[in-house]
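Chains as they are written, first to last, in my numbering: chain W, 15 to 187; chain A, 281 to 484.
Glycine included, C-beta positions come from ideal geometry on N, C-alpha and C.
Fair warning: this is a prediction, and the values are worked out from it, not measured in the lab.
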């Protein structure tokens, strides 16, 4: 059991965790959801078409993210404290101004990604962060390739608008 | 939607397709010409490039090993844990009922043995009442055991106590009966014996 489970975990845990981590921006919640997805995957994997397993896994992760977001909104009305990202990637070396700008830009982008609706968020994470091809995303999300591109264009535009709104026109090449 | 080279909105709608290399040659030229003469759209194009560039440097997070290990523990525990959904199972219930019956019978027997036949300290009605109270007490034990089992089960479903449950299940049910229930029965027998043999205050 352990060997098979480890194989499944190796294949899916990373993508799921990255997606959930960017969706919720909360380390512990992301770990909990990853754990839950793995348990459910193990429970049902014998009945899932292997070619659809990634889509199945991402669907379960998305549903759990939606549930978690609802719970966190309910909690936020009481505690008003949603943890922010604590593991931003270290910026590339540069002048202090450049580093500060990049950190701000990344912060705005992470927030904007978390604010995207589904399936735009999944597509952005899979394409821009995980570097999957359009074909892999279309297969993984069980959507036509053209639809994936349309969603991705819209998502990128929203991200751009969020950066403009938060940082103005100072952020350019 | 086709590109309108005179509309900033249309140009901005097509910036992503342009950067993806999906526009035909004419549309590419139209977009580039527009951006050469429109500072706002040129900034938009520049920003789109910068956002893409930055997005691709965002980190991929490897799943923490503890999340995988926790999932593995839960899977293993789910193969072992078979807690009752609604209280003790039939066998356990039968054991509890039998234990209650033994306690009642023992207390009645001990009570009658310790009294001299000619001068009984308690009437049959009082013994019946005590027996009833004892049965009632065991009823409560049964009921709250069932509730406790439900709480534990729900917690397992909530995935909060699986590791502890896993450890607890290493103890056999027979051992639980020997270590917890039998001493409890013995204590109950001793208590009921002393209750029956010692006169209650205010009675002669």
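Report yes or no: is there a C-beta of chain A within less than 8 Å of the C-beta of residue i?
{"i": "residue 21 (chain W)", "result": "no"}
{"i": "residue 167 (chain W)", "result": "yes"}
{"i": "residue 66 (chain W)", "result": "no"}
{"i": "residue 121 (chain W)", "result": "no"}
{"i": "residue 52 (chain W)", "result": "yes"}
{"i": "residue 75 (chain W)", "result": "no"}
{"i": "residue 113 (chain W)", "result": "no"}
{"i": "residue 146 (chain W)", "result": "no"}
{"i": "residue 182 (chain W)", "result": "no"}
Taking the C-alpha atoms as reference points, what is the distance between residue i and residue j?
{"i": "residue 386 (chain A)", "j": "residue 469 (chain A)", "result": "7 Å"}
{"i": "residue 129 (chain W)", "j": "residue 37 (chain W)", "result": "8 Å"}
{"i": "residue 153 (chain W)", "j": "residue 66 (chain W)", "result": "8 Å"}
{"i": "residue 458 (chain A)", "j": "residue 467 (chain A)", "result": "13 Å"}
{"i": "residue 416 (chain A)", "j": "residue 353 (chain A)", "result": "41 Å"}
{"i": "residue 332 (chain A)", "j": "residue 142 (chain W)", "result": "8 Å"}
{"i": "residue 409 (chain A)", "j": "residue 383 (chain A)", "result": "15 Å"}
{"i": "residue 342 (chain A)", "j": "residue 308 (chain A)", "result": "39 Å"}
{"i": "residue 336 (chain A)", "j": "residue 423 (chain A)", "result": "59 Å"}
{"i": "residue 52 (chain W)", "j": "residue 407 (chain A)", "result": "59 Å"}
{"i": "residue 345 (chain A)", "j": "residue 471 (chain A)", "result": "54 Å"}
{"i": "residue 292 (chain A)", "j": "residue 323 (chain A)", "result": "10 Å"}
{"i": "residue 115 (chain W)", "j": "residue 39 (chain W)", "result": "20 Å"}
{"i": "residue 289 (chain A)", "j": "residue 145 (chain W)", "result": "29 Å"}
{"i": "residue 55 (chain W)", "j": "residue 340 (chain A)", "result": "21 Å"}
{"i": "residue 319 (chain A)", "j": "residue 326 (chain A)", "result": "10 Å"}
Answer with yes or no whether the minimum CB distance from residue i to chain W is below 8 Å.
{"i": "residue 343 (chain A)", "result": "yes"}
{"i": "residue 357 (chain A)", "result": "no"}
{"i": "residue 351 (chain A)", "result": "yes"}
{"i": "residue 376 (chain A)", "result": "no"}
{"i": "residue 498 (chain A)", "result": "The structure shown has nothing for residue 498 (chain A), since chain A only spans 281 to 484."}
{"i": "residue 334 (chain A)", "result": "yes"}
{"i": "residue 407 (chain A)", "result": "no"}
{"i": "residue 303 (chain A)", "result": "no"}
{"i": "residue 348 (chain A)", "result": "yes"}
{"i": "residue 466 (chain A)", "result": "no"}
{"i": "residue 338 (chain A)", "result": "yes"}
{"i": "residue 414 (chain A)", "result": "no"}
Since residue i contacts residue j with CB under 8 Å, what's their CB separation in whole angstroms?
{"i": "residue 126 (chain W)", "j": "residue 176 (chain W)", "result": "4 Å"}
{"i": "residue 347 (chain A)", "j": "residue 48 (chain W)", "result": "5 Å"}
{"i": "residue 136 (chain W)", "j": "residue 33 (chain W)", "result": "6 Å"}
{"i": "residue 22 (chain W)", "j": "residue 59 (chain W)", "result": "6 Å"}
{"i": "residue 169 (chain W)", "j": "residue 138 (chain W)", "result": "5 Å"}
{"i": "residue 311 (chain A)", "j": "residue 283 (chain A)", "result": "7 Å"}
{"i": "residue 155 (chain W)", "j": "residue 133 (chain W)", "result": "6 Å"}
I want to check one thing, is the minimum distance from the CB of residue i to the heavy atoms of the ligand ADP below 7 Å?
{"i": "residue 416 (chain A)", "result": "Questions concerning the ligand ADP fall outside what the structure shown contains, since it holds no ligand whatsoever."}
For the segment 137–172 of chain W, which segments carrying the alpha helix (DSSP H) assignment without a break, of at least 4 residues, lie completely within its bounds, in sequence order? 148–155
At 4 residues or longer, what runs of the alpha helix (DSSP H) sit wholly inside the segment 40–84 of chain W? 41–58
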